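Single-structure report; data block below.
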Amino acid sequence: MFTWLLYYMLKEPTNVIIATFIAAIIGSCISQILSILYKTPAVVFILAILAPLVPGYLSYRTTAFFVTGNYSHAMVNTTLVVILALVISIGMASGTVVLKLYHYLQQHHSS
């Protein structure tokens, strides 16, 4: 729910894509930290944390546009759904990289 709230707060000053990307990065970081604390695979937390970012309503509307024959609107929505899916995936990977970089810098700074 936190990632959706973060997305919702960032959507107005930025745009949907940037807000989704930032929320996915932070959600990925949170899931990685929780997986370490609870000694559980990160995918358990990733699914719960990032599920609200999936554009379900937009996917539904895209399908409805295809069914009703409104192909121009359907293609615009399809493009946005694909972009958002890629942004969520890249954000998840970036969150892992951010934490690994933080851990690396923390280890080498104390040496």
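When the letters of the sequence shown are read in order and numbered with this note's numbering, they come out as residues 160 to 270.
Heads up, the beta-carbon is just placed ideally off N, CA and C, and yes, glycines get one too.
No experiment lies behind these values; they were computed from the predicted model shown.
In the three-state scheme derived from DSSP, where H, G and I count as helix and E and B as strand, residue 215 is classed as helix. Nearest Cα to residue 162 within the set 260, 178 and 264: 178. In this structure, DSSP gives residue 236 a helical state, which the three-state scheme calls helix.
The segment 178-198 and the segment 249-261 touch, with three or more beta-carbon pairs separated by less than 8 Å. A distance below 8 Å between beta-carbons, with the five flanking residues on each side excluded, links residue 205 to the following residues of its chain, in chain order: 186, 187, 190 and 251.
In the DSSP annotation of this structure, the continuous segment of the alpha helix (DSSP H) that includes residue 178 starts and ends at 175-197. Boundaries of the alpha helix (DSSP H) around residue 207: 201-209. In this structure, DSSP gives residue 228 a state outside helix and strand, which the three-state scheme calls coil. One alpha carbon belongs to residue 197, the other to residue 219, and they sit about 35 Å apart.
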